[in-house]
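J.: Position 12, counted from 1, in the sequence shown is what full-length UniProt numbering calls 12; the numbers after and before it change by one each time, with no gaps.
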Amino acid sequence: MSSAQANGDDNVKLPIASPDGVVAQLAKPGQLVTVTPEQEKILEQTFKENKNVDELTITIVAAETGLSEKDAKNWFQNRQALWREKEGLNPNSRSLND
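If you want it as C-alpha coordinates, here you go:
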(Lines of atoms letter the chains of each structure in order from A; the text may use other names.)
(Lines give C-alpha, C1' and ligand atoms only; values in the text may rest on other atoms or scores of the structure.)
Protein backbone atom coordinates (compact mmCIF):
# COMPACT_ATOMS: atom_id res chain seq x y z
CA MET A 1 0.00 0.00 0.00
CA SER A 2 2.33 2.70 -1.24
CA SER A 3 -0.07 5.60 -0.74
CA ALA A 4 -0.65 4.90 2.95
CA GLN A 5 1.45 6.59 5.59
CA ALA A 6 2.30 4.81 8.82
CA ASN A 7 1.84 6.73 12.06
CA GLY A 8 4.46 4.81 14.01
CA ASP A 9 1.79 2.53 15.50
CA ASP A 10 -0.61 0.13 13.79
CA ASN A 11 -2.82 2.95 12.52
CA VAL A 12 -2.63 3.87 8.87
CA LYS A 13 -3.87 7.04 7.18
CA LEU A 14 -5.49 6.16 3.89
CA PRO A 15 -6.51 8.38 0.97
CA ILE A 16 -10.14 8.64 -0.09
CA ALA A 17 -9.61 6.28 -3.04
CA SER A 18 -6.22 4.72 -3.47
CA PRO A 19 -5.13 2.88 -6.64
CA ASP A 20 -4.93 -0.40 -4.70
CA GLY A 21 -8.65 -0.30 -3.93
CA VAL A 22 -8.61 0.81 -0.30
CA VAL A 23 -10.90 3.65 0.64
CA ALA A 24 -11.14 5.71 3.81
CA GLN A 25 -13.55 8.38 4.91
CA LEU A 26 -13.22 12.06 5.78
CA ALA A 27 -13.69 13.34 9.32
CA LYS A 28 -13.61 17.01 8.33
CA PRO A 29 -13.03 18.54 4.93
CA GLY A 30 -9.40 17.99 4.01
CA GLN A 31 -8.64 15.65 6.92
CA LEU A 32 -8.22 11.89 6.82
CA VAL A 33 -9.63 9.57 9.45
CA THR A 34 -7.22 7.00 10.81
CA VAL A 35 -8.47 3.51 10.03
CA THR A 36 -6.78 0.66 11.85
CA PRO A 37 -6.21 -2.67 10.11
CA GLU A 38 -8.89 -4.19 12.38
CA GLN A 39 -11.42 -1.52 11.38
CA GLU A 40 -10.56 -1.95 7.71
CA LYS A 41 -11.06 -5.72 8.00
CA ILE A 42 -14.56 -5.25 9.46
CA LEU A 43 -15.49 -2.60 6.89
CA GLU A 44 -14.20 -4.64 3.93
CA GLN A 45 -15.85 -7.87 5.14
CA THR A 46 -19.19 -6.11 5.49
CA PHE A 47 -18.80 -4.55 2.03
CA LYS A 48 -17.90 -7.94 0.54
CA GLU A 49 -21.09 -9.43 2.01
CA ASN A 50 -23.37 -6.56 0.95
CA LYS A 51 -22.48 -3.80 -1.48
CA ASN A 52 -25.65 -1.82 -0.62
CA VAL A 53 -25.62 -1.45 3.16
CA ASP A 54 -28.64 -0.07 5.01
CA GLU A 55 -28.73 2.35 7.96
CA LEU A 56 -28.95 -0.47 10.53
CA THR A 57 -25.84 -2.14 9.11
CA ILE A 58 -23.99 1.18 9.15
CA THR A 59 -24.98 1.68 12.80
CA ILE A 60 -23.78 -1.82 13.72
CA VAL A 61 -20.50 -1.49 11.81
CA ALA A 62 -19.87 1.94 13.33
CA ALA A 63 -20.32 0.46 16.81
CA GLU A 64 -18.06 -2.51 16.00
CA THR A 65 -15.30 -0.32 14.58
CA GLY A 66 -15.57 2.66 16.91
CA LEU A 67 -16.16 5.01 13.97
CA SER A 68 -18.98 7.53 13.90
CA GLU A 69 -22.03 6.55 11.85
CA LYS A 70 -21.26 9.45 9.51
CA ASP A 71 -17.70 8.23 8.95
CA ALA A 72 -18.87 4.64 8.42
CA LYS A 73 -21.53 5.80 5.93
CA ASN A 74 -18.98 7.91 4.06
CA TRP A 75 -16.57 4.96 3.96
CA PHE A 76 -19.23 2.72 2.39
CA GLN A 77 -20.26 5.40 -0.13
CA ASN A 78 -16.65 5.94 -1.18
CA ARG A 79 -15.92 2.21 -1.28
CA GLN A 80 -19.02 1.56 -3.38
CA ALA A 81 -18.01 4.32 -5.84
CA LEU A 82 -14.57 2.76 -6.21
CA TRP A 83 -16.09 -0.69 -6.72
CA ARG A 84 -18.54 0.64 -9.32
CA GLU A 85 -15.73 2.38 -11.19
CA LYS A 86 -13.69 -0.82 -11.19
CA GLU A 87 -16.70 -2.72 -12.55
CA GLY A 88 -17.15 -0.16 -15.36
CA LEU A 89 -20.31 1.32 -13.86
CA ASN A 90 -21.14 4.94 -13.06
CA PRO A 91 -19.16 5.62 -9.84
CA ASN A 92 -21.42 8.55 -8.88
CA SER A 93 -24.62 6.52 -8.78
CA ARG A 94 -26.11 5.65 -5.36
CA SER A 95 -27.70 2.44 -6.64
CA LEU A 96 -26.32 -0.78 -8.08
CA ASN A 97 -29.10 -0.70 -10.67
CA ASP A 98 -28.03 2.56 -12.35
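Note that CB positions come from ideal geometry on N, CA and C, so glycine has one too.
Because the structure is a prediction, the values reported are computed rather than measured.
Checking 8 Å against the spacing of the C-beta atoms, do N78 and R84 come in under that value?
T.: Here residue 78 is taken as the residue at index 78 of the sequence shown, counted from 1. Here residue 84 is taken as the residue at index 84 of the sequence shown, counted from 1. No, Cβ-Cβ distance for N78 and R84 is not below 8 Å.
J.: Are F76 and I58 closer than 8 Å when you measure CB to CB?
T.: Residue 76 sits at position 76 when you count from the first residue of the sequence shown. Residue 58 sits at position 58 when you count from the first residue of the sequence shown. In this structure, I58 lies closer than 8 Å to F76 by Cβ.
J.: In whole angstroms, what separates the C-alpha of V61 from that of A81?
T.: In the sequence shown, the residue the question calls residue 61 occupies position 61. In the sequence shown, the residue the question calls residue 81 occupies position 81. When rounded, the distance between both Cα atoms is 19 Å.
J.: Compare the C-alpha of E44 against each of A72, E87, N92 and K86 and name the closest.
T.: Counting from one through the sequence shown, the residue named residue 44 turns up at place 44. Closest by alpha carbon: A72.
J.: Helix or strand or just coil, what does DSSP make of V35?
T.: Looking up residue 35 in the sequence shown gives position 35. DSSP places V35 in strand when its eight states are reduced to three.
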